[in-house]
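Chains A and B supply the protein sequences, listed in that same order.
Just so you know, we're using numbering that gives the first Met the number 0 here: the first sequence kicks off at 0 and counts up by one.
Just so you know, we're using numbering that gives the first Met the number 0 here: the second sequence kicks off at 0 and counts up by one.
What follows is a single structure, written as structure tokens, with notes after it.
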Amino acid sequence: MSAMTDPPTGAAALPDDVVSIADARGAEVAGQWRLMWWKFRQHKLAMASGIVVLLLYLVAIFAEFLAPVDPNAFNPRYTYAPPQDLRMSFVDESGDRHWGLHVNGYRSEIDRETFRRTFVLDDDDRIAVGFFVRSDPYLLAGFIPASVKLVGPKEAGQPFYVLGADRLGRDMLSRVIHGARVSLSIGLVGVFLSLFLGVVLGGISGYYGGWIDTVIQRLIEFIRSIPTIPLWMGLAAAIPLTLHPLMVYLIITAIVSLVGWTDLGREVRGRFLSIKDEDFVAAARLDGASEGRIILRHMTPSFLSHIIATVTLAIPTMILAETALSFLGIGLRPPVVSWGVLLQEAQNVRSVVTAPWLMWPGAAVVIAVLSFNFLGDGLRDAADPYAT
Amino acid sequence: MLQYIVRRILLMIPTLLLISFVTFVVVQLPPGDYLNAYVAALTQEGGETVDREQIEMLRQRYGLDEPFLVQYWYWISNIVFEGDFGRSFQWNQPVSDLLWGRIGLTFAVSLASLLFVYVVAFPIGVYSAIRKYSLGDYVFTFLGFIGLAVPNFLLALVLMVVSLQVFGVTPGGLFSPDYASAPWSWGKFVDFLAHLWVPMIIIGTASTAALIRVMRANLLDELNKPYVETARAKGQSEAVLIMRYPVRIALNPFVSRLGWELPALVSGAAITSIVLNLPTAGPVLLTALQSQDMYLAGSFILILSTLTVIGTLVSDILLAWLDPRIRYS
Numbered sequence: 000m001s002a003m004t005d006p007p008t009g010a011a012a013l014p015d016d017v018v019s020i021a022d023a024r025g026a027e028v029a030g031q032w033r034l035m036w037w038k039f040r041q042h043k044l045a046m047a048s049g050i051v052v053l054l055l056y057l058v059a060i061f062a063e064f065l066a067p068v069d070p071n072a073f074n075p076r077y078t079y080a081p082p083q084d085l086r087m088s089f090v091d092e093s094g095d096r097h098w099g100l101h102v103n104g105y106r107s108e109i110d111r112e113t114f115r116r117t118f119v120l121d122d123d124d125r126i127a128v129g130f131f132v133r134s135d136p137y138l139l140a141g142f143i144p145a146s147v148k149l150v151g152p153k154e155a156g157q158p159f160y161v162l163g164a165d166r167l168g169r170d171m172l173s174r175v176i177h178g179a180r181v182s183l184s185i186g187l188v189g190v191f192l193s194l195f196l197g198v199v200l201g202g203i204s205g206y207y208g209g210w211i212d213t214v215i216q217r218l219i220e221f222i223r224s225i226p227t228i229p230l231w232m233g234l235a236a237a238i239p240l241t242l243h244p245l246m247v248y249l250i251i252t253a254i255v256s257l258v259g260w261t262d263l264g265r266e267v268r269g270r271f272l273s274i275k276d277e278d279f280v281a282a283a284r285l286d287g288a289s290e291g292r293i294i295l296r297h298m299t300p301s302f303l304s305h306i307i308a309t310v311t312l313a314i315p316t317m318i319l320a321e322t323a324l325s326f327l328g329i330g331l332r333p334p335v336v337s338w339g340v341l342l343q344e345a346q347n348v349r350s351v352v353t354a355p356w357l358m359w360p361g362a363a364v365v366i367a368v369l370s371f372n373f374l375g376d377g378l379r380d381a382a383d384p385y386a387t
Numbered sequence: 000m001l002q003y004i005v006r007r008i009l010l011m012i013p014t015l016l017l018i019s020f021v022t023f024v025v026v027q028l029p030p031g032d033y034l035n036a037y038v039a040a041l042t043q044e045g046g047e048t049v050d051r052e053q054i055e056m057l058r059q060r061y062g063l064d065e066p067f068l069v070q071y072w073y074w075i076s077n078i079v080f081e082g083d084f085g086r087s088f089q090w091n092q093p094v095s096d097l098l099w100g101r102i103g104l105t106f107a108v109s110l111a112s113l114l115f116v117y118v119v120a121f122p123i124g125v126y127s128a129i130r131k132y133s134l135g136d137y138v139f140t141f142l143g144f145i146g147l148a149v150p151n152f153l154l155a156l157v158l159m160v161v162s163l164q165v166f167g168v169t170p171g172g173l174f175s176p177d178y179a180s181a182p183w184s185w186g187k188f189v190d191f192l193a194h195l196w197v198p199m200i201i202i203g204t205a206s207t208a209a210l211i212r213v214m215r216a217n218l219l220d221e222l223n224k225p226y227v228e229t230a231r232a233k234g235q236s237e238a239v240l241i242m243r244y245p246v247r248i249a250l251n252p253f254v255s256r257l258g259w260e261l262p263a264l265v266s267g268a269a270i271t272s273i274v275l276n277l278p279t280a281g282p283v284l285l286t287a288l289q290s291q292d293m294y295l296a297g298s299f300i301l302i303l304s305t306l307t308v309i310g311t312l313v314s315d316i317l318l319a320w321l322d323p324r325i326r327y328s
């Protein structure tokens, strides 16, 4: 074997797909994180999902700017108003085409048999829609004063329901956008809480072993063996109704992560067990490094990528848990706006049949959960860039 | 084997004790005790005078003036030694009258879903692994991800809406109205089976999706091993060689998830049955929790968890019987 064809030792164990990119850029000098990035980029679906996740969080952060109206602003005139189509142009009576973004206004008709009010979109009533329209002043992300909305009717106060209106004539689009804030952040906060529990308990369990390991493993088995939803329901129902919404939010997050940490705990324990006898750990120990330093500086970086992947896969579970509890009416409650709270409106099947657009928050949940799952899958594959 | 079973049963006892304790703590969390809620409910109904003597008797029986641990002892010892789960003020009945029928149906639905999950996931998982990256594989993978991402209750809701729009009926309940309060008979059983499939599919979808991926991944690992190549080289027919060797090995992790799936399915059944309004534990548990009917809620959580743990134990024992290696690890 000549020196020319002999691959550099760093790239020896790399799979072909990564090597092909790595060849051009010098895999022998690429760090572990760079290799992971290369591998992650191969996973198209995961890349796309990563972008979707990023967009979702941007929506959550800039909710006030993106939502056309206040999510709690109600208007009894437009109860269950159907969605309006956003149109680019219209043709007038003389057959000329006029350009300009607009939606059609409503004409309400009373059904002569059922005496129910139904809405019909009125083709002659056009409401001009513009970008960056003026609005009442608000605080963007809670602290930046602003008074411009991304999109909305040019003349304030005109009906603008792109995704329809709910029971109280509130705009579904604005509500779904604002719901993202609570639902997505519960996923993040919850996952950090369970990460903390999982890393501390799993780490102790794997690093020290012995009786403490047995106790923690029994605890994990115990939590896993009981059906979680009845237990969650019991805990959530104990939250006093008079509590401040923020406290309810925190308690719900804690309840959800109380069960969610077990997966992370197992993962961390397994990693600790598998590397605590490795040579580099022994070397650090012989070098006189303190236990904290060994754990944080030497052991944690070697399995950090796996933890990130597991965390990403845990977030959708948290989102689903919050949605389910709020849907049942024992999680978050109005006036808090989360996807689960919004779906409460859809609990009555008959109202969904008359207003199918009440299911939009459900679509938001599905999109968020799917993207997190794909992203997590891609991260898990990339976490080990040396595997084929 | 016997030693293994005995050890597992002994290990289960502290788990059950812990479950009962956690349950009691959870149902005691809301402020005020059972009798406050009871009296409030009686006065709210109006007209009915609160019987002081009866209240005093209940206070004595459940030790409501005693410290927390003593109350726990009264509660659990009444259940274990006398089968007395307390009274539900909401229904004005002993809890045990409400409990068993609904628990039975809950587990009937959960076990049916378990069966559905395994019967569906096995062939699809094997197919997806053998025909890797085929159109069918992509379709099943996609459906699987959708199944994972759509929460049970949303699926139930969509199904009900669609059925109301298309057929004009809601597929709620587990029985036709004629059979709802009738005693069990062959006709009622057939009627039950006819209603069972809707909740069974809804509850089972997420687990099915997860298991398909487990089966596919395991079988893919096995298919690349040299022994498969050897069998192929010896001229063994493809169908026989795949079913006889790699599938049998890949089956192991697939079956050992049984113990995990049961709690998940019981959980799923609780929430799905609330949406579909099934006469199972879910709806009663929810209203009991909301009105703080503590003995009713506590008994449901306790029995659901206990039976799930026992179910998991049975599945573990079955596994140990199938695969002797488990007994020694």
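All C-beta atoms, glycine included, are put in the ideal place defined by N, C-alpha and C.
Through-space distance from residue j to residue i, alpha-carbon basis
i: Arg296 (chain A); j: Ser289 (chain A); result: 10 angstroms
i: Thr78 (chain A); j: Ala354 (chain A); result: 10 angstroms
i: Ala2 (chain A); j: Gln31 (chain A); result: Because the pLDDT of Ala2 (chain A) is 42, which lies under 50, any placement of that residue in the model is unreliable, and the number read from its coordinates should be weighed accordingly. Each residue's alpha carbon lies about 25 angstroms from the other.
i: Asp121 (chain A); j: Gln157 (chain A); result: 14 angstroms
i: Phe299 (chain B); j: Ile75 (chain B); result: 13 angstroms
i: Ser354 (chain B); j: Trp196 (chain B); result: For residue 354 (chain B) there is no data in the structure shown, the boundaries of chain B being 0 and 328.
i: Glu388 (chain A); j: Pro70 (chain A); result: The requested residue 388 (chain A) is not part of the displayed model; chain A covers only 0 to 387.
i: Ala11 (chain A); j: Tyr226 (chain B); result: With a pLDDT of 46 at Ala11 (chain A), under the threshold of 50, the modelled position of that residue is not reliable, and no figure is offered here.
i: Val174 (chain A); j: Asp96 (chain B); result: Correcting the residue identity first, residue 174 (chain A) is Arg in this sequence and not Val. Each residue's alpha carbon lies about 44 angstroms from the other.
i: Arg102 (chain A); j: Leu147 (chain B); result: First, the residue type needs correcting, since residue 102 (chain A) is Val and not Arg in the sequence shown. Distance between the alpha carbons of Val102 (chain A) and Leu147 (chain B) is about 36 angstroms.
i: Gly151 (chain A); j: Leu172 (chain A); result: 11 angstroms
i: Arg243 (chain B); j: Leu134 (chain B); result: 25 angstroms
i: Thr213 (chain A); j: Ser193 (chain A); result: 20 angstroms
i: Gly201 (chain A); j: Glu266 (chain A); result: 8 angstroms
i: Ser109 (chain B); j: Asp190 (chain B); result: 18 angstroms
Chain A contact residues for residue i, given Cβ-Cβ distances below 8 angstroms
i: Ala120 (chain B); result: Going along chain A, no residue has its Cβ under 8 angstroms from Ala120 (chain B), so there is no contact; the nearest lies around 18 angstroms.
i: Phe299 (chain B); result: Pro229
i: Thr311 (chain B); result: Ser224
i: Ala296 (chain B); result: Gly233, Ala236
i: Gln289 (chain B); result: Ala236, Gly328, Ile329
i: Val165 (chain B); result: Correct list: empty, because the minimum Cβ distance to chain A is about 11 angstroms.
Given residue i as reference, the closest of the options once Cα atoms are compared
i: Ile306 (chain A); options: A:Leu369, A:Trp260, A:Phe89, A:Arg332; result: A:Trp260
i: Pro278 (chain B); options: B:Val189, B:Ser304, B:Leu173, B:Trp259; result: B:Leu173
i: Pro82 (chain A); options: A:Ala45, A:Gly377, A:Asp380, A:Phe159; result: A:Phe159
i: Arg6 (chain B); options: B:Ala216, B:Ser109, B:Leu312; result: B:Leu312
i: Val254 (chain B); options: B:Phe121, B:Trp99, B:Asp64, B:Leu284; result: B:Phe121
i: Gly281 (chain B); options: A:Ala363, A:Pro300, A:Leu230; result: A:Leu230
i: Ser87 (chain B); options: B:Val118, B:Gly234, B:Ile302, B:Gln291; result: B:Gln291
i: Leu369 (chain A); options: A:Trp338, A:Ser93, A:Pro315; result: A:Pro315
Contacts of residue i in chain B (Cβ-Cβ under 7 angstroms)
i: Ala345 (chain A); result: Leu156
i: Leu369 (chain A); result: Phe144, Ala148
i: Val365 (chain A); result: Ala148, Val149
Chain-ordered chain A contacts of residue i [CB-CB under 7 angstroms]
i: Met159 (chain B); result: Val348
i: Ile273 (chain B); result: Leu327
i: Leu285 (chain B); result: Met232, Leu327
Proximal residues of chain B, C-beta to C-beta of residue i below 9 angstroms
i: Gly361 (chain A); result: Val149, Pro150, Leu153, Leu156, Val157
Contacts of residue i in chain A (Cβ-Cβ under 9 angstroms)
i: Ser304 (chain B); result: Ser224, Ile225, Pro226, Pro229, Leu230
i: Thr307 (chain B); result: Ser224, Ile225, Pro226
i: Ile18 (chain B); result: Phe221, Ser224, Ile225
i: Pro347 (chain B); result: The structure shown does not extend to residue 347 (chain B), since chain B is modelled only from 0 to 328, so the question has no answer here.
Chain B contact residues for residue i, given Cβ-Cβ distances below 8 angstroms
i: Val280 (chain A); result: Ordered by position in chain B, no residue passes the 8 angstroms Cβ test against Val280 (chain A), which lies about 26 angstroms from the chain.
Inside the segment 116-180 of chain B only - alpha helix (DSSP H) runs reaching at least 4 residues: 134-148, 151-165
Members of the segment 224-258 of chain A near chain B, C-beta cut-off 9 angstroms: Ser224, Ile225, Pro226, Thr227, Ile228, Pro229, Leu230, Trp231, Met232, Gly233, Leu234, Ala235, Ala236, Ala237, Ile238, Pro239
Contact set between the segment 103-114 of chain A and chain B, restricted to residues whose Cβ is under 8 angstroms from the partner: none
Short-range partners of chain B found in the segment 315-340 of chain A, where Cβ spacing is below 8 angstroms: Pro315, Leu319, Thr322, Ala323, Phe326, Leu327, Gly328, Ile329
Chain-ordered residues of the segment 184-195 of chain A with a beta carbon less than 7 angstroms from chain B: none
Where the segment 59-79 of chain A meets chain B: residues whose CB sits under 8 angstroms from a CB there: none
Complete runs of the alpha helix (DSSP H) confined to the segment 221-263 of chain B [at least 4 residues]: 225-232, 237-243, 245-255
Selection of the segment 248-270 of chain B by Cβ proximity to chain A, strictly under 9 angstroms: Gly258, Trp259, Leu261, Pro262, Ala263, Leu264, Val265, Ser266, Gly267, Ala268, Ala269, Ile270
Positions along the segment 126-147 of chain B whose CB lies within less than 7 angstroms of some CB in chain A: Phe144, Leu147
Where the segment 201-221 of chain A meets chain D: residues whose CB sits under 7 angstroms from a CB there: Here chain D cannot be found, since the structure's protein chains are A and B.
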